[in-house]
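*Asks:* The working numbering applies: residue 232 is where the sequence shown begins, and numbers increase by one. Here a beta-carbon is modelled for each residue, glycine too, at the ideal position from N, C-alpha and C. No experiment lies behind these values; they were computed from the predicted model shown.
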Amino acid sequence: MTHSTDGGQTTHPGLLAVKAFYVALGQGDVSAVLALLTPDARWTEAEGFPYYSGTWIGPDAVRDNLLVPVARDWADFKATPEDFLVQGDRVVSLGVYTGIFKRSGRSVAAKFAHVWTTAGSQISGFEMYTDTAKVREAMQ
């Protein structure tokens, strides 16, 4: 298993793809985010997460079910990775979600673990684990 902090240098194509995803997401570059996903990427949010509706397939489903609603509902929403672990085609990122829910004005800070499956320099799968109660609390 390879361990890399956010500032670590590596040439693992899957890790580079995951890091590029976070950068593009932070810049609001939806096109770049979606270009990193394979056409059949499987995306699963944590059960209990406000936008959870099962597993979505493909970049368009991720855009329509997650990226658009999050941009609509949250101000300054960020997924900030703090550490990465790599094993074969899997990358695990540990970090924190932050943001302000627009309707309530309440902020959230919830740690996350993201499990990414990669295919070369693209992302073919995503599973999210987080404290969904903290997110829902900010939305009330």
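Is the beta carbon of Lys-333 less than 8 angstroms from the beta carbon of Ala-306?
*Replies:* Yes, these two residues count as a Cβ contact at 8 angstroms.
*Asks:* Using 8 angstroms as the cut-off, can you tell me whether the stretch 248–266 makes contact with the stretch 286–295, which would need three or more C-beta pairs spanning the two stretches below that distance?
*Replies:* Enough Cβ pairs lie closer than 8 angstroms, so yes.
*Asks:* For Leu-267, tell me which candidate among Met-359, Thr-363, Gly-336, Gly-245 has the shortest Cα-Cα distance.
*Replies:* Among Met-359, Thr-363, Gly-336, Gly-245, the Cα nearest to that of Leu-267 is on Gly-245.
*Asks:* So what's Gly-330 in DSSP terms, helix, strand or just coil?
*Replies:* Strand, per DSSP.
*Asks:* For Arg-337, which residues from the same chain have a beta carbon less than 8 angstroms from its beta carbon, with the 5 sequence-adjacent residues on both sides left out?
*Replies:* So the list reads Ile-331, Glu-368, Ala-369, Met-370, Gln-371, once near-sequence residues are dropped.
*Asks:* Give the straight-line distance between the Cα atoms of Val-254 and Asp-271, rounded to the nearest whole angstrom.
*Replies:* Approximately 22 angstroms between the Cα atoms of the pair.
*Asks:* How is Gly-351 classed by DSSP in three states: helix, strand or coil?
*Replies:* Residue state, collapsed to three classes: coil.
*Asks:* Check this for me: beta carbons of Ser-352 and Thr-269, under 8 angstroms apart or not?
*Replies:* No, Cβ-Cβ distance for Ser-352 and Thr-269 is not below 8 angstroms.
*Asks:* Let's see if you can read the secondary structure: which residues bound the beta strand (DSSP E) around Leu-265?
*Replies:* It is not in any beta strand (DSSP E) - Leu-265 instead sits in the alpha helix (DSSP H) that spans 261–266.
*Asks:* For Ala-340, does the count of other Cβ atoms within 10 angstroms reach 16, so buried, or fall short, so exposed?
*Replies:* When all chains shown are included, Ala-340 counts as exposed.
*Asks:* Look at the alpha carbon of Thr-275 and the alpha carbon of Phe-252, and state the distance between them as a whole number of angstroms.
*Replies:* Cα to Cα, the separation comes out at about 16 angstroms.
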